[in-house]
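Okay, so here's the structure we're looking at.
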Amino acid sequence: MHGGHARPWLRHLLAGVLTLCTGLAAAQSPSGRVYVSSEKDNKIYVFDIQGTRLSSIEVCKRPRHMMFNAPHTKIYVSCGDSNQLGVVDTASGKMTEQIAVGDSPEIFDLSPDGKTAYVSIEDDNVMAAYSLESKARLFEVKTGGEPEGILVMPDGKHAYVTSEIANVVHLVDIAQRKVLKNIRVGKRPRRFVLAAGGKELWISNELGASVSVLNTEDQSVKGTVEFKVQGMRSSDITPVGMTLSPDGKTVWVGLGRANHVAEVDVATRQVRRNILVGKRPWGLAPHPDGKILYVTNGMSDDMTLIDTATGKALRTVAVGRVPHSVLVQP
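What the sequence shown shows, in the working numbering, is residues 145 to 474, in sequence order.
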């Protein structure tokens with residue numbers, strides 16, 4: 145008698161558990177994905193690891209730099225023409241919210257706790273901090289002309305910001321909300337990579353055909369990597385985008401107008417090889433296993449997949465108009 149009454153209750157319970165499990169499975173971020181922001185299409189295109197296009201995500205206007213949150217459930221994207229950070233839910237593949245920021249946001253970084261976005265606001269010449277939860281503007285720090293690259297140190301206490309016009313890198317104390325030091329680097333500094341376990345900050349100098357290597361302990365420039373491509377003037381070599389290999393031994397540098405990517409040994413600071421890609425490579429990201437490097441080519445509207453072991457391009461695929469950044473979800 146009691147058993148007969150229990151069965152419908154049990155059925156409901158099991159159905160509920162099944163629904164919950166299905167919901168949890170659906171909410172998981174898809175794996176094996178490559179995301180590319182397209183400035184002219186106002187979209188993020190989604191590819192598989194081999195470079196086959198799967199779908200696209202409508203976002204705000206002129207999407208540029210992108211970052212995952214820590215669990216990779218969200219993609220933040222800066223939109224230069226709608227003055228917003230868009231927030232994309234990776235499970236649904238939709239932009240779910242926007243955060244209003246200043247005029248022409250470009251590069252940004254997240255605080256180590258993932259609660260704050262530090263954004264370089266090009267037209268206002270500031271680094272501005274925003275709460276990702278309340279969407280409030282928390283504070284701003286004045287910089288030199290045309291700030292772009294921004295990197296928050298892993299301890300969250302300091303940030304570095306490039307000023308393209310002043311040819312300096314600003315060291316910012318986040319708690320004091322002020323610039324502690326202006327560090328002179330090469331001509332038109334653009335982007336950063338943190339290397340050597342956080343002891344070195346690599347800075348691309350777009351009009352210097354070089355990368356400056358900064359000692360993060362005493363803020364001195366300890367070396368310069370100079371790029372040469374056979375048959376090209378140094379004025380045609382315009383390094384901007386960079387990325388660190390997962391094993392930390394290599395910095396990959398997009399050489400812009402030179403249409404090559406340079407593979408640089410971190411320990412010796414020697415260029416191992418230059419690899420021909422599409423036109424104006426800027427965005428770079430490695431697969432977490434280190435075997436493939438994804439390179440967005442802004443002027444040829446495509447992405448080159450490089451075999452990092454052989455240094456050869458595996459294939460080049462169309463990715464929409466003016467691709468900017470690339471993210472890889474293993």
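For each residue, glycine too, the CB sits at the ideal point set by N, CA and C. The structure displayed is predicted, hence computed values, not measured ones.
Query                                                                                                                                                                        : Result
So, for Gln-172: in the same chain, excluding its five sequence neighbours on each side, which residues have a beta-carbon less than 8 Å away from its beta-carbon?          : Ala-235
Among Ala-353, Gln-374, Pro-249, which one has its Cα closest to the Cα of Val-384?                                                                                          : Ala-353
Where DSSP assigns a beta bridge to Cys-204, which residues make up the other side?                                                                                          : None, per the DSSP bridge assignment.
Would you grab the beta carbon distance between Ser-444 and Met-386 for me? Rounded to a whole angstrom, and I think it's under 8 Å.                                         : About 20 Å separates the two Cβ atoms, so there is no contact after all.
Let me make sure I understand the geometry here. Which of Asp-299, Gly-427, Val-397, Ile-265 has the alpha-carbon closest to that of Asp-446?                                : Gly-427
Output the distance between the C-alpha atoms of Ser-181 and His-209, rounded to the nearest integer angstrom.                                                               : 8 Å
Jot down the residue ranges of each uninterrupted beta strand (DSSP E) in the segment 375-407, minimum 3 residues, whole runs only, in chain order.                          : 386-388, 394-398
If I measure Cβ to Cβ from Gly-224 and keep anything under 7 Å in the same chain, skipping five residues before and after, which residues do I get?                          : Arg-206, Arg-208, Ser-248, Pro-249, Glu-250
Does the distance from the CB of Val-221 to the CB of Gly-246 come in under 8 Å?                                                                                             : no
Asn-213 to Asp-362, Cα distance in whole Å?                                                                                                                                  : 30 Å
Drop a sphere of 10 angstroms on the beta-carbon of Asp-433, count the other beta-carbons inside from all chains shown, and report buried for 16 or more, exposed for fewer. : exposed
If we count the other Cβ atoms within 10 Å of its Cβ and call it buried at 16 or more, is Ile-309 buried or exposed?                                                         : exposed
Using 8 Å as the threshold, is the C-beta distance between Asn-403 and Lys-423 below it?                                                                                     : yes
What residue range is occupied by the uninterrupted beta strand (DSSP E) comprising Asp-192?                                                                                 : 187-192
Can you tell which of Pro-256, Asp-233, Gly-442 has its C-alpha closest to the C-alpha of Ser-469?                                                                           : Gly-442
For Arg-415, I'd like the list of residues in its chain whose CB is within less than 6 Å of its CB, leaving aside the five on either flank, ordered along the chain.         : Checking the displayed sequence, the identity of residue 415 turns out to be Val instead of Arg. The answer, listed in chain order, is Ala-406, Val-408.
Determine the burial state of Thr-454: buried for a count of at least 16 other Cβ atoms within 10 Å of its Cβ, exposed for fewer.                                            : exposed
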